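Student:
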Amino acid sequence: WAALLERFEVPLSVDRFFLDGCKVYLSGFTEPQLTKLQKIINLGGGTRFNNFGESVSHVVLGREEGVRGDIATAMAKLRFWPPVVSTRWLLDSCSSVERLPEDKYTSHSYLPPPPSPLSLATRKRKAAVQLPEDTAPPPDKRLCSSAHVQDDDHQLLAQYHKAEMLETRQRGSLMRGLCFMISSAFSEEDRKSSTELILSQGGRVLAHPLPPSTSCDYHLMPLDACVKENASVTMVTMAWLQRTLHAERLLDPSSHFLFRPLTTPISHSALSGCVLAFSQFSDIEREHLVRFSRRLGAVVQDHFVRRAGHGLLATTHLVLSSGAGEKFTSAIKWGVPAVADSWLFACVEVQCTAPVEGHLVTPG
11 WAALLERFEV
21 PLSVDRFFLD
31 GCKVYLSGFT
41 EPQLTKLQKI
51 INLGGGTRFN
61 NFGESVSHVV
71 LGREEGVRGD
81 IATAMAKLRF
91 WPPVVSTRWL
101 LDSCSSVERL
111 PEDKYTSHSY
121 LPPPPSPLSL
131 ATRKRKAAVQ
141 LPEDTAPPPD
151 KRLCSSAHVQ
161 DDDHQLLAQY
171 HKAEMLETRQ
181 RGSLMRGLCF
191 MISSAFSEED
201 RKSSTELILS
211 QGGRVLAHPL
221 PPSTSCDYHL
231 MPLDACVKEN
241 ASVTMVTMAW
251 LQRTLHAERL
261 LDPSSHFLFR
271 PLTTPISHSA
281 LSGCVLAFSQ
291 FSDIEREHLV
301 RFSRRLGAVV
311 QDHFVRRAGH
321 GLLATTHLVL
331 SSGAGEKFTS
341 AIKWGVPAVA
351 DSWLFACVEV
361 QCTAPVEGHL
371 VTPG
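When we follow this note's numbering, the leftmost residue of the sequence shown carries the number 11, and every step to the right adds one.
#1: I need the boundaries of the beta strand (DSSP E) containing T57, first residue and last residue.
#2: Among residues of its own chain, excluding the 5 on either side of M245, which ones have a beta-carbon nearer than 7 Å to its beta-carbon?
#3: Taking the runs of the beta strand (DSSP E) that are 3 residues or longer, which of them lie wholly in the region 11 to 61?
#4: Per DSSP, what kind of secondary structure is K134 in: helix, strand or coil?
#5: Could you give the first and the last residue of the continuous beta strand (DSSP E) run that contains R214?
#6: Return the first residue and the last residue of the beta strand (DSSP E) that C189 is part of.
#7: Please determine, among L47, S264, L260, the residue with the shortest C-alpha to C-alpha distance to L100.
#8: The beta strand (DSSP E) spanning T244 covers which residue range?
#9: For D293, collect the residues of the same chain with a Cβ closer than 8 Å to its Cβ; drop the 5 residues on either side in sequence, then sort them by chain order.
#10: Taking just the CA atoms, how far does T325 sit from S65?
#11: Considering only C-alpha positions, which residue in the set G63, F291, D113, W91 is nearest to E206?
#12: Does the region 105 to 113 touch the region 28 to 36, meaning 3 or more C-beta pairs lie closer than 8 Å?
#13: Taking Cβ positions, are G213 and M191 nearer each other than 8 Å?
#14: My output table needs one value for P373: the three-state DSSP class, helix, strand or coil.
#15: Roughly how many angstroms lie between the CA atoms of D227 and V215, to the nearest whole one?
#16: Looking only at its chain, what residues have a beta carbon closer than 7 Å to the beta carbon of D351, apart from the 5 residues adjacent to it on each side?
#17: Return helix, strand or coil for A348, following the three-state DSSP convention.
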């Protein structure tokens, strides 16, 4: 796998996010290998997690020596067994531009233990219980009204609450006493992972719709929700949730434009013709900024280049957080605008490529 990864050429762009919704934990790789795999995950629209936990959807394994025991122990401790796949799953998914089934890439060394004879017997007894003849069958979901859909949402979140209450592992307390509502615009997978993150830090997740007497502290919504400001509740995004957990403190939602849902519709051609490079951002920051830029129509490259060649386009804008470093110096020398990430938000507001004035990063 190491030689295959070294020879693999990461495409400059793809026509769809083939890893959308995937939350990947990489284990058993060197730093150069991690960098290359991070590019593939970013390209596919996935998320890389630096630590193993219940939010992880896939574990991608490189060298097993020295890490096999750690992963197996972590899974057994959390009683959580996501698919553990080989590096080739990522490479083949990237080549196919689609998320391939994990079965043929799965390592069978990390499967959950078989149920005990006692639990099997209990399960059989439950299966043997027959419903009374006058018990009505469950309703056909295809005939459910919108009210039934809301009931399903309520039951789904209640299920997560029940599962979390049964857990005995140690929780964090970052969100203790805070109540969250999660927008139904998210996919079920995103709602589930968000619920797990919030509950793991002592927070509560409320069902839709809110009872009249119930108040909510935060409403988690998609970035492109295009909503009006609501003074009664603080609206935040997935970027805020992930950055808050990473920082281990509650961040001010107004401190970054990615932390609150936009009130302006996104123009998918606002950055058409722009080729961006990012520098100085953390993995989580870069991931959200790259995804946001691509939704605005930009091409994002991992390399900052002056002239097109070797399969790369000439960079039109360098986005970075401070006026320092080799890339910043090169941008000044080459006449390429070095802008803060606030410029991206300005492009949303004007629905096109905004002037760089007022967003240029200065030395120091």
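The beta-carbon is built from N, C-alpha and C at its ideal position, and this holds for glycine as well.
Model, not experiment: these values are computed from the prediction.
Tutor: Reading it off the structure:
#1: Counted from its first residue, the sequence shown places residue 57 at position 47. 57 to 59 is the span of the beta strand (DSSP E), which, as asked, contains T57.
#2: In the sequence shown, residue 245 corresponds to position 235, counting from 1. H229, M231, V237, R270, P271.
#3: If we require 3 residues or more, the beta strand (DSSP E) runs fully inside the region 11 to 61 come out as 33 to 37, 57 to 59.
#4: Residue numbering aside, residue 134 sits at position 124 when the sequence shown is read from its first letter. In this prediction, K134 has a pLDDT of 45, which is less than 50 and means its spatial position is unreliable; what the coordinates show is noted afterwards. The answer is helix: DSSP assigns K134 an H, G or I state.
#5: Residue numbering aside, residue 214 sits at position 204 when the sequence shown is read from its first letter. For R214, the uninterrupted beta strand (DSSP E) run begins and ends at 214 to 216, by DSSP.
#6: Taking the sequence shown and counting its residues from 1, one reaches residue 189 at position 179. For C189, the enclosing beta strand (DSSP E) begins and ends at 189 to 192.
#7: Mapped onto the sequence shown, residue 100 falls at position 90. Among L47, S264, L260, the Cα nearest to that of L100 belongs to L47.
#8: Within the sequence shown, numbered from 1, the residue matching residue 244 stands at position 234. The continuous beta strand (DSSP E) containing T244 extends over residues 244 to 246.
#9: For the purposes of this step, residue 293 is identified with residue 283 of the sequence shown, where counting begins at 1. Taken in chain order, the residues that qualify are Q48, R58, N60.
#10: Numbered from its first residue, the sequence shown carries residue 65 at position 55. Numbered from its first residue, the sequence shown carries residue 325 at position 315. Cα atoms of S65 and T325: separation of roughly 35 Å, rounded to the nearest angstrom.
#11: The residue given as residue 206 occupies position 196 in the sequence shown. Nearest C-alpha to E206 among G63, F291, D113, W91: G63.
#12: The answer is yes - the region 105 to 113 touches the region 28 to 36, with three or more Cβ pairs under 8 Å.
#13: Taking the first residue of the sequence shown as position 1, residue 213 is located at position 203. Taking the first residue of the sequence shown as position 1, residue 191 is located at position 181. No Cβ-Cβ contact shorter than 8 Å links G213 with M191.
#14: Residue 373 sits at position 363 when you count from the first residue of the sequence shown. If DSSP states are grouped into helix, strand and coil, P373 belongs with the strands.
#15: The sequence position of residue 227 within the sequence shown is 217, counting from 1. The sequence position of residue 215 within the sequence shown is 205, counting from 1. Rounded to the nearest angstrom, the two C-alpha atoms are 10 Å apart.
#16: Residue numbering aside, residue 351 sits at position 341 when the sequence shown is read from its first letter. Excluding sequence neighbours, D351 sits near L299, V329.
#17: Within the sequence shown, numbered from 1, the residue matching residue 348 stands at position 338. DSSP places A348 in strand when its eight states are reduced to three.
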